[in-house]
Every structure is written in C-alpha cells, then in structure tokens.
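Read in UniProt numbering, the sequence shown has 173 at position 173, and its numbers run on one by one without any break. Built from N, CA and C at the ideal position, the CB exists for glycine as well.
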Amino acid sequence: MNTDKRVQKLREVMDARGIDVSVICNFENQYYFSGLKAITYSRPIVLLVDKQETSLIIPSLEEEHAKAKTRVDHLHVYHEVKSKAGQGESYTEHFDALLSRYPKGTVIGAEFASFPVRLEQIARKHGADLVSIDKEIVDMRAVKDEQEMGMIAESGRLVSLALKHSLEHAAAGMSEMEMDQFGTRALFMEVAEKHPDATLDYFVMSPSGIERTNMPHVFSNTRQLKQQDIIIHSRQVGLNGYRAECERTFFIGGATEKQKEVFKVAQEAQAAALDFIKVGVTAKEVNEVARKVIEKAGLETFVNHRTGHGIGIGLHEEPSLRYDNDLVLKPGMAFCVEPGIYIPEVGGFRHSDTVILRENGTELITEYPRGLDALVFGGVKQEV
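In structure tokens, the structure reads:
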C-alpha cells in the first residue's frame, strides 16, 4: 500500500495550520500513514511526520516487520533484552531524543483522543505546543481512494460469502459457534485461493434467542440453536485492513406473527435508508428516513442506536448516520446501513449492508436476500 499521498496530504494540513511535526499514536492511523499493521499488546509504537521526514519508534520485535512493510525514513528501535541494554530501552527515550531536535515553541499536531499523557509531559518539557489533528485525520480517512474502495468492495464479496455459508448450514442443535465456523472456513479457503499473502481481519457474532438478540453486541457462545429461534448473524471481513460488514436476522423453523411484523418494519427501514443514501444528502437525513419507517409502525421506543456508521480500516469509524450529524456525504465514503429494533419478549431485528458512495451512484457491495421467505431455515444438526 503506497502511503506517500496520504503523508503529503497530512503535510498540507500541517502547513495550513502551522504545525511542525505530527505525532501519530493510534494504531489504525499508523497503518493509514505508514503501512505498518502491527499486532499490538503492550508495546507502544509512535509515528512522527515533520515537513521533511517520517520516523517510527518501534519495539525490537517489530523491526523486521517495519523494514518490510513501511516507507518511513527512519526507524528508532527500543529493546527489552539485556544484550541491548543502553541502546534505548523505552519508547519515551526515543521520543524525548527526537523532540530535542526541535526548538522551543515547536507546534505538535497530536491525536488528542489517543495521545499518551507520558508523551504530553515530554512535549511540555521541551516547550512544545500541542494542537489537535483528530478531525483532519478523521476527514481524510472518511473519503477513500480507488485502491481503498477496491479492497472494501472485495471484502464485501468475501463477507457475503461467509454469511451465506453460515446461514445455510444453520440448524437446531448446533451452537452459535458451530454455525459461525461454516462461514469462517469458507472465508479462509476463498481468501487463500484468491488472495495469497493477503492479511485478513474477521469478526463474527451470532446471538440467538429472544434474550440474546436484544443485546446488539455480544460474542457468539456455546448456546445451542433451537426450533423457532431468532438469530442475528453479524460478520465483518477486512482484506488487507479494509473492512465490509453484512448482517442478517433469520429464524430456525419459523417466526411468530409478532416477529414477522417487526421483521418487516426493520427490513423496510433498512431498505428506505439504502435507497436514499447517496452523495449530497446529509448523514442525519439518512438516519431520519429509516427512523420515520419505524416511527410509523409505533416502534420508535425500541430503537437504541444510530442507523449506521462509516467503515474502512476501523470496525466502526466516522461519519456516523445519526440524528445530529449535518455532514454532507461525499464520493468515496463507505457506510454500513443497519437500523435495528429490539423488543423484550419478542427479539432483536437488524440487517446490515455496506455501500460505497460514488459520483455516479451508490454501490451496494454486500448481498444476501433480505426477505423473510429466504431467512427461515429448517432442519436439525446432522451428527457425523
């Protein structure tokens, strides 16, 4: 992934705002600007971008990874083994040394949402001024280039494939996790064949039953699916870091009359939003279109989240499709559209699909039938 244009755009922001050096600590943003997609546990990584050079402070176990995957000008490695004692034992040592090269009054652009207090203390010690660049980075990431849109679109195909395999193997007697593995296995095989040497992020959750489907975000567990169960099968797939999402509410054996009524409302709310979302409308208008369908059915008190969210490197990212967002949608933005209705003693109802906004129209990149007739599965788990 060529990140040079992104770094140049960040430098243009820095020039416009009088920023001397930007310090990037958020791991998603580090990937966006450097190409390093690290597995992070407890060892901080810091990316610095000034007007001429880029520098990456990394732990020693990421050194070879960074050399292979990044285009930064300088690597500053910190160590945690005795044989390297005295060669830099913490990321703060390197940060302190790098800032000492800049004069007092240097303006640092920082992500206030993730900038460590320890680094702020070092910056203050050197007489630097801190300004937020959170909004500028959010705005940059919100509008994808052609390469990014291509990866998101392929992730849409892959996530649809995985969802199809899980749903069409679902049966009473198997656990949520067993159902998940059918789609995950199909996903792994497809990616291995079509995208050798790619990285793959994936996430899946399948809350089943009335109680669990009323919890929008819970991990799949070992609960066994039962006849007449309602299930929300939710998946994300990220090819080389860029994600798409697809979700379907479905039933084992059949739905009650009340569940059929609510399912229809949730489906129509999503359909209205998918039909409406396009370049030039505002985020809150998309939310309002879905909300009106739900309000007309008298179910507005059972809505507890926004209509959708941006997607890309992050599982959820800006812009949000919510009631107070006046943002005008632009070409290159990608969204998950997923209005939900959650009713105690009835169940939770939510479909999600991913769209990319283009100059000539809205591209729906996930696909699986949304109607109830296609989302009732029968059968009992086959023992092998």
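First through last residue of the beta strand (DSSP E) which encompasses residue i
i	result
M215	No beta strand (DSSP E) holds M215; DSSP gives it neither H nor E.
R248	242–252
V346	Here V346 belongs to no beta strand (DSSP E), and DSSP marks it neither H nor E.
I294	Element bounds for I294: not the beta strand (DSSP E) but the alpha helix (DSSP H), 283–296.
F234	The question names Phe, but residue 234 is Ser in the sequence shown. 230–239 is the span of the beta strand (DSSP E), which, as asked, contains S234.
L321	317–321
R358	353–358
V337	334–337
Short Cβ contact (8 angstroms threshold) for residue i with residue j
i	j	result
L161	A186	yes
L329	V289	no
S155	V237	yes
L167	F377	yes
A97	V23	no
V143	G314	no
E300	I294	yes
G310	F335	yes
I102	S90	Here the sequence assigns Tyr to residue 102, which means Ile is not the residue at that position. Cβ atoms of Y102 and S90: not closer than 8 angstroms.
G308	V279	no
S55	V72	yes
T70	L36	yes
D129	I108	yes
E64	L75	no
H351	Q270	yes
Y342	N287	no
A113	D145	no
T243	V131	According to the sequence displayed, residue 243 carries Arg and not Thr. For R243 and V131, no; Cβs fall outside 8 angstroms.
R223	V204	no
I232	A170	no
Residue span of the alpha helix (DSSP H) that contains residue i, given as start and end
i	result
A153	146–167
Q181	176–194
S100	Taken as a continuous stretch (DSSP letters only), S100 belongs to no alpha helix (DSSP H), as it is neither H nor E.
R11	4–17
Q259	257–276
Residue i, DSSP secondary structure in three states
i	result
H328	First, the amino acid is wrong: residue 328 is Val here, not His. Strand at V328.
Y368	coil
A172	strand
A198	coil
T307	coil
T362	strand
V384	Confidence at V384 is low in this model, with a pLDDT of 46, below 50, so its placement is unreliable and no value can be given for it.
I313	coil
D373	helix
M1	coil
Buried versus exposed call for residue i [16 or more other C-beta atoms within 10 Å across all chains shown]
i	result
H94	buried
I39	exposed
N221	exposed
M189	exposed
D353	buried
P369	exposed
Q30	buried
N214	buried
V384	Unreliable placement is indicated for V384, whose pLDDT of 46 sits below 50; the coordinate value is still reported in the next sentence. When all chains shown are included, V384 counts as exposed.
I136	Inspection of the sequence shows that residue 136 is occupied by Glu rather than by Ile. So E136 ends up on the buried side.
E318	buried
D229	buried
R118	exposed
T249	buried
F115	buried
E178	buried
R212	buried
F263	buried
G241	buried
G298	exposed
T199	exposed
V346	buried
E247	buried
E176	buried
Problem - Those runs of the beta strand (DSSP E) which lie wholly inside the UniProt domain "Creatinase N-terminal" (6–143) and span at least 3 residues - result: 21–24, 46–50, 54–59, 74–78, 107–110, 129–132
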